[in-house]
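A.B. asks: Below is the structure I would like to discuss, written out as structure tokens.
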Amino acid sequence: MPLALLALAVGAFGIGTTEFVIMGLLPQIAADYGVTIPTAGLLVTGYALGVVVGAPLLTVLGNKVSRKRMLMLLMGLFVLGNLLSAFAPNFGMMLVGRVVASLAHGSFFGIGSVVAAGLVAPQKKAGAIALMFTGLTVANIVGVPLGTFIGQAVGWRTTFAIVAALGVIGLLGIAKLVPALPRPEGTRLRGELTAFRNPQVLLAMAMTVLGFGGVFAAITYIAPMMTEVAGYADGAVTWLLVLFGIGMFLGNLLGGRYADRALMPMLYVTLGGLAVVLALFTFAAHNKILAAVGILLVGALGFATVPPLQKRVLDQAHGAPTLASAVNIGAFNLGNALAAWLGGLVIAAGFGYTSPNWVGAVLAAAALLLAFWSAALERRTPAPTAVQAETAGAPAPTPVHH
Numbered sequence: 015m016p017l018a019l020l021a022l023a024v025g026a027f028g029i030g031t032t033e034f035v036i037m038g039l040l041p042q043i044a045a046d047y048g049v050t051i052p053t054a055g056l057l058v059t060g061y062a063l064g065v066v067v068g069a070p071l072l073t074v075l076g077n078k079v080s081r082k083r084m085l086m087l088l089m090g091l092f093v094l095g096n097l098l099s100a101f102a103p104n105f106g107m108m109l110v111g112r113v114v115a116s117l118a119h120g121s122f123f124g125i126g127s128v129v130a131a132g133l134v135a136p137q138k139k140a141g142a143i144a145l146m147f148t149g150l151t152v153a154n155i156v157g158v159p160l161g162t163f164i165g166q167a168v169g170w171r172t173t174f175a176i177v178a179a180l181g182v183i184g185l186l187g188i189a190k191l192v193p194a195l196p197r198p199e200g201t202r203l204r205g206e207l208t209a210f211r212n213p214q215v216l217l218a219m220a221m222t223v224l225g226f227g228g229v230f231a232a233i234t235y236i237a238p239m240m241t242e243v244a245g246y247a248d249g250a251v252t253w254l255l256v257l258f259g260i261g262m263f264l265g266n267l268l269g270g271r272y273a274d275r276a277l278m279p280m281l282y283v284t285l286g287g288l289a290v291v292l293a294l295f296t297f298a299a300h301n302k303i304l305a306a307v308g309i310l311l312v313g314a315l316g317f318a319t320v321p322p323l324q325k326r327v328l329d330q331a332h333g334a335p336t337l338a339s340a341v342n343i344g345a346f347n348l349g350n351a352l353a354a355w356l357g358g359l360v361i362a363a364g365f366g367y368t369s370p371n372w373v374g375a376v377l378a379a380a381a382l383l384l385a386f387w388s389a390a391l392e393r394r395t396p397a398p399t400a401v402q403a404e405t406a407g408a409p410a411p412t413p414v415h416h
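Residue numbers for the sequence shown follow our numbering, beginning at 15 and rising by one.
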């Protein structure tokens, strides 16, 4: 694997830390600003919606900029957003900072996925994408638990200041290691938009929204769920997030490995397993040991869907992958926003801190049904030829073999 993938993973580490560290700090932030837990959950929803908007917008604006330069600009925006969060005097400004940081998220992973896939042979694309996303999963093993510990011990503002510093390191890594790959000739916005006329692209994105949304329904409220229901002390949230990160790491590697061999069967197993585990997690959350196992499995099954879903979009976009890839990252976060909002609703309605798990189970089951529908549709529809793919959009970038 090219060394440039390490630079992409470093950037992903910073982004992953800021995206997920909020979960462990939600009670502290809510208390500091004098808001309820469901209201503080808007920091998750706001971030996710910022990704949904920023992914296509910044990808389109950066259409005439080299991919390396665009990745550097995105990391700069990420640093600015986290500095705003670190010094926010009120909840509204904190929310603004979260949104600003989130605007870079979708385009970074969308453009980064295309760059990663273009650096390796075709049969290694999902593995390359998974390697980039390893930064995101390692963030949940190291960055998020450490950020949670620092936030609880010193103050959550310190955590976001450190995350901003991680963004600077990511920016420098991209500047040093990512090759100055030219923007593919012939790439046009109209050609990129044609990818969305393919129902398989839309189905893959819908699976992304629902499937990964199931993960966030549970994880957004993991801190109050573990302390108020399972009976863990506040300090235990740190190592419970380590378990979630380990699950993410393992699931991401397995997803990348088997997506290159049997993509759709991999989705059937992971989405089905996720739906079952989330449903059982409602009851398991009342037991400390079972709750810890549940967190590990939710992370593993949830992130095992990421490489195959991202690769499915790249495969179905047929020569116009950049915008579709970025929008699919937005789709992950649209699911996050939807699930965090729905989870807050059921908690506010008085159903308890475990009720978001049922929301997640329903979302994951719906994604599984879409996967079966997508496969059935594909069996009835012949794949487009290379000539048709080229006329439908811009020519696909030629992979660089290393």
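We put the beta carbon where it would ideally sit given N, CA and C, even for glycine.
As the structure is a prediction and not an experimental result, all values here were calculated from the model.
Tell whether a beta-carbon distance below 9 Å holds between Leu292 and Ala232.
C.D. replies: yes
A.B. asks: Compute the distance between the beta-carbons of Ala62 and Asn350, then report whether it is under 9 Å.
C.D. replies: Asn350 is positioned such that its CB atom lies closer than 9 Å to that of Ala62.
A.B. asks: With 16 as the cutoff for other CB atoms within 10 Å, does Gly407 come out buried or exposed?
C.D. replies: The pLDDT assigned to Gly407 is 42, lower than 50, so where the model puts this residue is not dependable; a value taken from the coordinates is nonetheless given after this. By the neighbour-count rule (16 or more Cβ atoms within 10 Å), Gly407 is buried.
A.B. asks: Less than 9 Å separating the beta-carbons of Leu57 and Pro159?
C.D. replies: No.
A.B. asks: Considering only the beta carbon of each residue, do Ile183 and Thr173 sit closer than 9 Å?
C.D. replies: Not closer than 9 Å, so no.
A.B. asks: Between Thr32 and Phe92, what straight-line distance do the alpha-carbon atoms span, to the nearest angstrom?
C.D. replies: 9 Å
A.B. asks: If I follow the unbroken alpha helix (DSSP H) through Leu257, where does it start and stop?
C.D. replies: 250 to 273
A.B. asks: Buried or exposed for His119, going by 16 or more other Cβ atoms inside 10 Å?
C.D. replies: buried
A.B. asks: Can the beta-carbon of Ile155 be found closer than 9 Å to that of Gly316?
C.D. replies: It is not a contact, given that the beta carbons lie outside the stated cut-off.
A.B. asks: For the region 238 to 247 against the region 290 to 310, are there 3 or more C-beta pairs whose distance is under 8 Å?
C.D. replies: yes
A.B. asks: How many Å lie between Ser116 and Val65 at the Cα?
C.D. replies: 5 Å
A.B. asks: Under 8 Å Cβ to Cβ from Thr148, same chain only, skipping five residues before and after it: list those, please.
C.D. replies: So the qualifying residues of the chain are Ala23, Ala26, Phe263, Asn266, Leu267.
A.B. asks: May I have a chain-ordered list of the alpha helix (DSSP H) segments no shorter than 4 residues that lie completely inside the region 302 to 389?
C.D. replies: 302 to 317, 320 to 331, 335 to 360
A.B. asks: Take Leu277 as the anchor and find which of Gly28, Arg326, Gly111 has the nearest alpha-carbon.
C.D. replies: Nearest in C-alpha terms to Leu277, of all of Gly28, Arg326, Gly111, is Arg326.
A.B. asks: Can you tell me whether His119 is helix, strand or coil according to DSSP?
C.D. replies: helix
A.B. asks: Sort Ala153, Pro279, Ala354 by Cα distance to Leu383 and report the nearest one.
C.D. replies: Pro279
A.B. asks: Would you report the Cα separation of Lys138 and Leu19, rounded to the nearest angstrom?
C.D. replies: Cα atoms of Lys138 and Leu19: separation of roughly 13 Å, rounded to the nearest angstrom.
A.B. asks: Please check the pair Gln330 and Ala218, which I expect to be a contact at CB under 8 Å, by giving their CB distance rounded to whole angstroms.
C.D. replies: 6 Å
A.B. asks: Rounded to the nearest angstrom, how far is the Cβ of Ala340 from that of Ser121, given a contact under 8 Å?
C.D. replies: 5 Å
A.B. asks: Rounding to the nearest angstrom, what Cα-Cα distance links Leu150 and Gly187 in this structure?
C.D. replies: If you take the alpha carbons of Leu150 and Gly187, they lie about 15 Å apart.
A.B. asks: Helix, strand or coil for Ser127 per DSSP?
C.D. replies: helix
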